[in-house]
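Take 98 as the starting number for the sequence shown in this note's numbering and just add one per residue. To keep things clear, I will list the structure first and then write my remarks on it.
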Amino acid sequence: MATKSTETTTSTHVVNKQKVMTSVASTIDFIKSQIAIDLSKAKNSGMLSLENEELKKLSRIVETSIQNSFIKSSGQIESSLKWNT
């Protein structure tokens, strides 16, 4: 019975880890989308004086940087979710 309990606990923790990582990835996607919106608003309000193509390039650079940073740091998030079984 102890083995079954350990398997159940491990399985539950893996599901929770997957849920957390999915949630974090969704949050990163939201941040990337919000950046494009905020940069556009900044341009429209006169805070930035960039042509549309330059604004799109800037947005892509920032979004890519965020995505790459998430990929590089996701191991730290996953390590913090490791459970002692």
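Ideal Cβ positions, reconstructed from N, Cα and C, are used throughout, including at glycine.
No Cβ-Cβ contact shorter than 9 angstroms links L178 with S156.
Ranking S162, S120 and I134 by CA distance to the CA of N149 puts I134 first. Measuring C-alpha to C-alpha distances from I163 to each of V117, I125 and V121 identifies I125 as the nearest. Of the candidates N141, K153, Q173 and S176, the residue whose Cα lies closest to the Cα of K129 is K153. If you draw a straight line from the Cα of V121 to the Cα of G143, it comes to about 33 angstroms.
Collapsing the DSSP output to three states places G172 in a helix.
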